[in-house]
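Enquirer: In terms of the numbering used here, the sequence shown opens at residue 64 and continues consecutively.
We put the beta carbon where it would ideally sit given N, CA and C, even for glycine.
Below you'll find the structure I mean.
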Amino acid sequence: MFAEPFYARLLSAADEVFTGYGVPFVVMTATPATSTIAAPPLVTGSFDGVLLAGARERHPLAVTLAASGIAVRSAGRPPDGIDLPFVDMDNRDGARQAAEHLLLTNRRAITVIAGPPTLPGARDRLDGFLRTLNAAGINEVPVAYGDFTHASGAHAMQWLLQRSPHLDAVFAASDPMAAGAMQALRRAGRRIPDDVAVIGFDDAPLARHTSPTLTTVRQPVEEMAVLTARMLLMSITSEEDVQHGNPILPTELVVREST
């Protein structure tokens with residue numbers, strides 16, 4: 064988790080907010096199997112609040128937190144069926160922008176490397192991308208799945224090349240997966256963007272250092288982390304139930320050399 068650029072940026076920005084207020088920020092990881100160990104100190108008064116990130120499906124810890132009464136704010140939309148306040152980014156619209164850009168550059172044999180289907184944000188990106196292509200009359204879109212890592216992007220791209228050898232574009236749901244896809248394309252003798260256009264999602268620093276540089280969807284990770292942390296602090300310090308809705312932050316397509 065901590066090796067992923069997204070979480071490194073998220074935690075660093077949130078920590079800066081908490082440090083500025085003199086509030087200790089303890090980072091814990093909990094798989095579904097270890098949730099029974101992580102939950103008790105969180106809900107029995109050892110902590111004043113919880114910033115939740117990366118919860119998948121009906122993660123036991125997320126379910127426990129939702130029912131606990133402790134102040135919680137999720138960075139990213141929580142799993143379906145779990146009622147927690149959150150701050151998210153517009154994953155669907157970012158994916159829409161990526162799809163429209165590929166269509167405007169006359170790409171038609173388009174493929175996708177999606178993120179884990181258990182993550183709401185990954186599902187939103189896939190949904191926004193496919194809906195846009197479907198509206199343009201493209202209904203057969205091969206989809207491979209990865210876990211947001213470079214290696215999974217390379218593996219997924221190899222599968223897509225076998226499945227759709229004449230593909231001319233790929234949208235990857237994270238920049239590391241896009242970089243892995245670019246590596247696999249080069250090994251297969253495909254030129255980027257002449258033969259295959261590549262778009263990522265993050266605008267992580269690596270997007271400016273790939274060759275060619277990576278067209279990607281910029282997500283406001285630091286802004287989301289700061290807003291989530293501040294809203295959590297408001298919930299902790301207010302005597303009333305402070306929600307302030309669930310803000311959705313805009314995303315933006317950044318066009319570089321890979322398309």
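(1) Under the rule that 16 or more other beta-carbon atoms within 10 Å means buried, what is Arg188, buried or exposed?
(2) Output the boundary residues of the alpha helix (DSSP H) element that contains Val193.
(3) Would you call the CB atoms of Leu115 and Ala125 closer than 8 Å?
(4) What's the gap between the Cα of Ile201 and the Cα of Leu147?
(5) What whole-angstrom Cβ distance do Arg140 and Pro180 have, given they're in contact under 8 Å?
(6) Three-state secondary structure (DSSP) at Tyr70?
(7) Looking at the structure shown, is Val318 part of a helix, part of a strand, or coil, going by DSSP?
(8) Give the DSSP-derived three-state secondary structure of Gly112 in the structure shown.
(9) Which class does Arg281 belong to by DSSP, given the choice of helix, strand or coil?
(10) Mapping the DSSP letters down to three states, classify Thr168 as helix, strand or coil.
(11) Out of Arg136, Asp210 and Gly144, state which residue places its alpha-carbon closest to the alpha-carbon of Glu120.
Expert: Judging by the given coordinates:
(1) buried
(2) As written in the sequence, residue 193 is Leu, which differs from the Val given in the question. From DSSP, the alpha helix (DSSP H) with Leu193 extends over Pro183 to Ala198.
(3) yes
(4) 36 Å
(5) Not a contact, Cβ separation roughly 14 Å.
(6) helix
(7) coil
(8) Here Gly112 sits in strand by DSSP.
(9) strand
(10) coil
(11) Gly144
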